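For reference, the structure discussed in these notes is given below.
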Amino acid sequence: MKQKNYIVGLAVTAALSTASVAQAETLRLLTWGSYAPEELIQKFEEEYPDIDVEVTFSNNEEMIAKLRATGGAGFDLAQPSHDRIYAAQLEYDIYKPLDLSKIDTSVMESTHLEGVKANTTIDGEVYAVPHQWGTSGLMKNKAMAADFNGWDDLCDSQYAGKTSMRLKRTILLGTAFAMGHDPFAAYSDLDKYQDILDEVSEKLIACKSNIKAYWQGGDDLSAMMLSGEIVASETWDSTAYKLYAQNPDIVFVPPETGALAWIDTFALPAKGKADDAAYKWINFVLRPENVTIMSGSTGAIAAVNGGLDLLPEDKKNAVNAAFTPADIANLKFFANIPPGVEDMEGKALEKIKAATGG
Amino acid sequence: MQGDVKRLSLILLFAPFALWIVLLIILPHLGMVYLSLREKVAPRVYEFGFGNYIDFIQEPIYWNTLLRTGSMSILVTVLALLIGFPIAYYIAKIAGRRSRGALFLLCLIPLWVSDLIRAFGWILLLRETGVISTSLQTMGLISEPVEFLYNDATVIVGLVYTVILFMIVPLVSTLDGMDDAMVEAGYNLGGSGPTVLRRIIIPYAMPGIVAGCIVVFMLTAGSYLTPILLGGKNSSWFTEQIYDQFITRFNWESGAAFGFLLLAFTSLVVWAGLRLTGQNLANTVAKN
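Just so you know, the protein sequences line up as chains A and B, in that order.
So in our numbering, spot 91 of the first sequence is number 91, and the numbers just go up one at a time.
Our numbering runs 358 ahead of the 1-based position in the second sequence.
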């Protein structure tokens, strides 16, 4: 008898648990650190009590690697940058097309929306819409490096041992622009791009002795900058804005040749299971009151109409301290990376890292 | 009947280990072999071939990094042995019965903290504006802040610190089994300190030394966080190359090939080390 009760109990528990699984949907976000602030998640779960939000923080490369490993399963919404979707989709088939009718695209800033659509349309299907945009450029401590203005100033001997950069593709592109090339235009002619890369590698190898260390993430960069161990660095704008709040001498510097602009997007992984919840999240975070919370956390500007005005006050000040309208007009948006370029850039970066120049 | 029971218990006892080896070690490695033998010719098109291994041989950057990683790992192993041996000897032979446990525990405590936190600890101590540089300045020993971070010496210090425990544990357990009478006899027969060490203690501790060296070498060559976080502009580590191939360059094929090359290289070094010292696994590690 006891045995029987036990079995009945088990069956009831099993039935209950499957019922609750069916009821509560889980939205699994694959996004950048700070792109899912706790405050917004709570607000979202209050509004949609039947959706649980689960967040995995990542970056562009890991997002692609994670989705590639599962063929696009395991997540319901990903947020790669606009230039990292086209080739990844062609090579690994990890996303599914968006149903634009389910997204309130009217709130999005039209140049960003059209730009991202153009970048991520394959066979007439759109794979991504914009979320937040920002730039990669330089930052300096005004008190210690007043004349620091361009990518090549990182290699200026007056700042020897006091500058830093991240050894990733951004610095290759920035240095190419500083040397008078247009790397994005050369994407269509890979032989020419290889020539540019060779020239850039040579310059960056010669520059090694000027660099204190290559930074790996926002935290070690912040520590070096705040302690004064370095006076200028290549950086993400959001990191510079955060430091501006702690030391107003540290400002973001759009390089003379133009800051490199990225747009982080919304894209649906190929085997996502909660598309409706994903669309709800997209529309939810695009609402003006939520945009401010999001930008406060990310330090990036929302790609919605009036996104700049929706920044929290301190971030708005930091942006205004950094950018003039001319700088904004001079932004260089990352172009789609054609297949093969990542390998070429990877080799160039390895060569720079392995060279014993400095 | 009894034979069946015996066999059943053997199977049951052996099953978890066999499952672990087959599912988590052998199967993934077979997958990696397959992956490493694919050459990418176009998006979503692959061919069978040894191209990824040939790439490695043709590119000096890759094998230089592998040799660098290997030689630095050997240095770390030697340092860990030199520093670890006296500690292990003290714990096993000199320390009192009661303090022995406490000392052993003290060695274990750093292991309760993750690798990452330990590396950050070193960063806080060694950076230009860090604890050591500032205290040297306050003591007036140096006038300018000094950067101790971002060079190979720091990487070696950090690695030795991370792995030394894996040297101490097997050494303590081997030395623990040595009868003190053997050392006494050595002295009674007129041996000096160094002779006793060379002729009695080290031969006795050999199984522990070999086991410790193998573990430490493997851990060092395969470590990722410490060399990345403490290393400087020029300090490439082979695991970093593997990570780059897999993650930044989406080149799983050559990443898998690199993984195998690291495995083959470290196995070769261990084999060569055993041959050079005239040891073999059966009478050292297995005996331990």
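Note that the Cβ used here is the ideal one computed from N, Cα and C, for glycine as well.
Because the structure is a prediction, the values reported are computed rather than measured.
| query | result |
| --- | --- |
| Report the rounded CA-to-CA distance for residue 582 of chain B versus residue 296 of chain A, giving the unit in angstroms. | 33 Å |
| Taking Cβ to Cβ, would you say residue 90 of chain A is nearer than 8 Å to residue 401 of chain B? | yes |
| So residue 558 of chain B and residue 544 of chain B are supposed to be a Cβ contact under 8 Å. How far apart are they, rounded? | 5 Å |
| Kindly indicate the opening and closing residues of the alpha helix (DSSP H) around residue 581 of chain B. | Taken as a continuous stretch (DSSP letters only), residue 581 of chain B belongs to no alpha helix (DSSP H), as it is neither H nor E. |
| Does the Cβ of residue 490 of chain B have 16 or more other Cβ atoms within 10 Å, making it buried, or fewer, making it exposed? | exposed |
| Beta-carbon within less than 7 Å of residue 593 of chain B's beta-carbon, same chain only, minus the 5 sequence neighbours each way: which residues are those? | 510, 513 and 585 |
| Hey, is residue 325 of chain A's beta-carbon within less than 8 Å of any beta-carbon in chain B? | no |
| Quick one, which of A:289, A:265, A:143 and A:314 has its alpha-carbon nearest residue 60 of chain A's? | A:265 |
| What is the rounded straight-line gap between the Cα of residue 380 of chain B and the Cα of residue 370 of chain B? | 16 Å |
| In chain A, what lies closer than 7 Å to residue 402 of chain B by C-beta? | 91 |
| Would you identify the three-state DSSP class for residue 161 of chain A, choosing helix, strand or coil? | coil |
| Looking at C-beta atoms only, is the number of pairs between the stretch 192 to 204 of chain A and the stretch 251 to 271 of chain A that lie closer than 8 Å three or more? | no |
| Would you mind telling me which residues of chain A sit closer than 8 Å to residue 591 of chain B, beta carbon to beta carbon, in chain order? | 208, 211, 213, 214, 353 and 358 |
| In its own chain, which residues sit with a C-beta less than 6 Å from the C-beta of residue 321 of chain A, not counting the 5 before and 5 after it? | 251 |
| Tell me whether residue 470 of chain B is buried or exposed, calling it buried when 16 or more other Cβ atoms sit within 10 Å of its Cβ. | exposed |
| Starting from the beta carbon of residue 362 of chain A, find every residue of chain B whose beta carbon is closer than 8 Å, and list them in chain order. | Since the first and last residues shown for chain A are 1 and 358, residue 362 of chain A lies out of range. |
| Does the Cβ of residue 364 of chain B have 16 or more other Cβ atoms within 10 Å, making it buried, or fewer, making it exposed? | exposed |
| According to DSSP, is residue 57 of chain A helix, strand or coil? | strand |
| If we cut at 8 Å on Cβ distances, does residue 415 of chain B have a partner in chain A? | no |
| Do residue 231 of chain A and residue 162 of chain A have their C-beta atoms closer together than 8 Å? | yes |
| Our contact map puts residue 590 of chain B next to residue 213 of chain A with C-beta atoms below 8 Å; I'd like the distance itself, whole angstroms only. | 6 Å |
| For a contact defined as C-beta to C-beta under 9 Å, what are the partners of residue 143 of chain A on chain B? | Here the premise fails: no neighbours, minimum Cβ distance about 16 Å. |
| With burial defined as no fewer than 16 other Cβ atoms inside 10 Å of the residue's Cβ, what is the status of residue 243 of chain A: buried or exposed? | buried |
| With a CB to CB cut of under 8 Å and the five nearest residues on each side skipped, what residues in its chain are close to residue 345 of chain A? | 169, 172 and 197 |
| Please tell me whether, using a cut-off of 7 Å, the distance from the CB of residue 182 of chain A to the nearest non-hydrogen atom of the ligand ATP is below it. | This structure simply doesn't include the ligand ATP, nor any ligand for that matter. |
| Is it buried or exposed, residue 528 of chain B, if we count other Cβ atoms within 10 angstroms and call 16 or more buried? | buried |
| Are there three or more Cβ pairs, one per stretch, closer than 8 Å when the stretch 278 to 293 of chain A is compared with the stretch 91 to 111 of chain A? | yes |
| If contact means a Cβ-Cβ distance below 8 Å, which residues of the stretch 45 to 69 of chain A contact chain B? | 61, 62, 64, 65 and 68 |
| Any idea what DSSP makes of residue 367 of chain B, helix, strand or coil? | helix |
| Hey, could you find the ends of the alpha helix (DSSP H) residue 210 of chain A is sitting in? | Neither: residue 210 of chain A is in no alpha helix (DSSP H) and is coded neither H nor E. |
| When the Cα atoms are used, what is the spatial distance from residue 507 of chain B to residue 487 of chain B? | 11 Å |
| Just verifying my parser: in three-state terms, what is the DSSP assignment at residue 221 of chain A? | helix |
| At a Cβ cut of 7 Å, what residues of the stretch 94 to 110 of chain A count as close to chain B, listed as they run along the chain? | none |
| In angstroms, rounded to a whole number, what distance separates the CA positions of residue 117 of chain A and residue 282 of chain A? | 16 Å |
| If I measure Cβ to Cβ from residue 466 of chain B and keep anything under 8 Å in the same chain, skipping five residues before and after, which residues do I get? | 523 |
| Tell me the residue span of the alpha helix (DSSP H) that contains residue 174 of chain A. | 169 to 178 |
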